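All residue numbers for the sequence shown refer to the working numbering, where the first residue is 1377 and numbers rise by one. Think of the CB as a built atom: it goes at the ideal place given N, C-alpha and C, for glycine as much as any other residue. Model, not experiment: these values are computed from the prediction.
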Amino acid sequence: MEPVYRSVIGIARVVFALEGLKFKVVGEENIPATGGAVIAVNHTGYLDFTYAGIPPRRVKRYIRFMAKKEVFDNKISGPIMRSLKHIPVDRGAGADSYQAAVADLRKGELVGVYPEATISRSFEIKEFKSGAARMAIEAGVPIIPTVIWGAQRVWTKGFPKRLGRTNTPISIAVGKPIEPVGPPSELTEKLHSVMQEMLLALQEDYDHEPGAYWVPARLGGGAPTLEQADKLDAEDLAARNAAREAKKSK
């Protein structure tokens, strides 16, 4: 029994209903009823993790998400994140969070990971980090690819939140488990390919508004291309690093 997690889910369901969100979920039977698994999720919005938690409820399971340490340091969100047993990621000490995730997987937990590491401004699948593959191999558990489409319409990087009653449709697809076989690089490539195919399938049945900011350029939308988005991410990273160095020199 996890009364805090159950309460948070109950609140989230009320919020979803008030927002009028319309969920379409396929493949939820691919969530294992028992045992550890890496839940690999694409990243288009700040609330992806709340939507990714919907399919596991079919078998009454919870996801322990890996999230940046700053969220845990916040006096409001920190206690909640710790009570839900999510895993803090300190970018300066990533090995500790990695080992904590592997330990949870070996204990039979579902661990949520964003292989892209950051929100994709293009809303396409970005290049993947190898962490999901490495921890699945080390823990000896499968990877469950999960793709969400429509979350970026609610709240994403660079655009205002739309948390009112928007009646936004959100599609979620859960793929078949990918066994932890082969070197991390090959497993990462396979995961990337599978999730790309899943995203394209979700987009086929989704109504895209021409020119809208949340629609990929490939589909006639106003989002930057993957290449343009990668350039923006690189510029942001350079600016953050410069600001950090300037702070150190004071």
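Considering Cα atoms alone, identify which of the options is closest to residue i.
{"i": "F1425", "options": "E1514, T1532, S1561", "result": "T1532"}
{"i": "A1567", "options": "V1550, Y1381, D1583, Q1579", "result": "For the sequence presented, residue 1567 should be read as Leu rather than Ala. Comparing Cα-Cα distances from L1567 to each of V1550, Y1381, D1583, Q1579, the minimum goes to V1550."}
{"i": "H1419", "options": "L1563, I1546, A1493", "result": "A1493"}
{"i": "P1379", "options": "G1454, K1436, L1486", "result": "K1436"}
{"i": "M1442", "options": "R1616, Y1490, A1413, Y1589", "result": "Y1490"}
{"i": "I1520", "options": "L1397, P1600, R1497, P1553", "result": "P1553"}
{"i": "D1583", "options": "M1571, G1596, T1410", "result": "G1596"}
{"i": "A1650", "options": "V1570, A1509, S1498", "result": "In this structure the chain extends from 1377 to 1626, so residue 1650 is not present and cannot be described."}
{"i": "I1548", "options": "M1571, P1559, G1540, R1538", "result": "M1571"}
{"i": "R1538", "options": "K1451, A1409, L1423, R1389", "result": "L1423"}
{"i": "G1429", "options": "G1516, V1523, K1623", "result": "V1523"}
{"i": "N1406", "options": "V1390, R1433, R1389", "result": "R1433"}
{"i": "D1581", "options": "A1610, I1546, E1565", "result": "I1546"}
{"i": "R1458", "options": "K1445, R1467, K1626", "result": "K1445"}
{"i": "M1574", "options": "V1402, F1448, S1383, S1453", "result": "V1402"}
{"i": "P1408", "options": "K1400, A1615, E1555", "result": "E1555"}
{"i": "L1397", "options": "T1544, Y1438, K1607", "result": "T1544"}
{"i": "I1385", "options": "F1399, Y1438, E1585", "result": "Y1438"}
{"i": "P1559", "options": "K1624, I1513, F1504", "result": "I1513"}
{"i": "E1565", "options": "R1620, F1504, G1411", "result": "F1504"}
{"i": "T1410", "options": "K1483, K1607, F1448", "result": "K1483"}
{"i": "K1400", "options": "P1431, K1626, R1616, G1421", "result": "P1431"}
Residue i bridges to which residues according to DSSP?
{"i": "K1444", "result": "V1465"}
{"i": "K1398", "result": "P1545"}
{"i": "I1456", "result": "In the DSSP output, where bridge partners are listed per residue, I1456 has none listed."}
Exposed or buried, which one is residue i when buried takes at least 16 other CB atoms within 10 Å?
{"i": "L1576", "result": "exposed"}
{"i": "T1542", "result": "exposed"}
{"i": "S1496", "result": "buried"}
{"i": "K1502", "result": "buried"}
{"i": "D1472", "result": "exposed"}
{"i": "Q1604", "result": "exposed"}
{"i": "V1465", "result": "buried"}
{"i": "L1394", "result": "exposed"}
{"i": "Q1528", "result": "buried"}
{"i": "E1500", "result": "buried"}
{"i": "I1387", "result": "exposed"}
{"i": "G1488", "result": "buried"}
{"i": "M1377", "result": "exposed"}
{"i": "V1530", "result": "buried"}
{"i": "V1391", "result": "exposed"}
{"i": "P1586", "result": "exposed"}
Am I right that residue i and residue j are in contact with their C-beta atoms under 8 Å? What's the rounded C-beta distance?
{"i": "R1440", "j": "E1404", "result": "Not confirmed; about 19 Å, so no contact."}
{"i": "L1578", "j": "W1525", "result": "4 Å"}
{"i": "A1413", "j": "P1518", "result": "5 Å"}
{"i": "M1511", "j": "V1557", "result": "The pair is not a contact, with the Cβ atoms about 14 Å apart (cut-off 8 Å)."}
{"i": "Y1381", "j": "L1481", "result": "No, Y1381 and L1481 are not in contact; Cβ-Cβ is about 18 Å, not under 8 Å."}
{"i": "A1515", "j": "L1563", "result": "Actually they do not touch by this definition, with Cβ atoms about 13 Å apart."}
{"i": "Y1589", "j": "F1535", "result": "6 Å"}
{"i": "S1506", "j": "S1453", "result": "With 8 Å as the limit, S1506 and S1453 do not qualify as a contact, their Cβ atoms being about 28 Å apart."}
{"i": "A1476", "j": "I1463", "result": "5 Å"}
Item to complete: Taking only runs that begin and end inside the stretch 1464–1515, name each unbroken alpha helix (DSSP H) of 4 or more residues, in chain order.
Response: Listed in chain order, they are 1470–1482, 1507–1515.
Practice prompt. Could you pull out every unbroken beta strand (DSSP E) segment of at least 3 residues lying fully inside the stretch 1379–1437, listed in chain order?
Written response: Every beta strand (DSSP E) of 3 residues or more that sits fully in the stretch 1379–1437 is shown, in chain order, as 1398–1402, 1413–1417.
Discussion item. Could you tell me which whole alpha helix (DSSP H) segments of length 4 or greater appear in the stretch 1519–1587?
Written reply: Counting only runs of 4 or more, we get 1560–1580.
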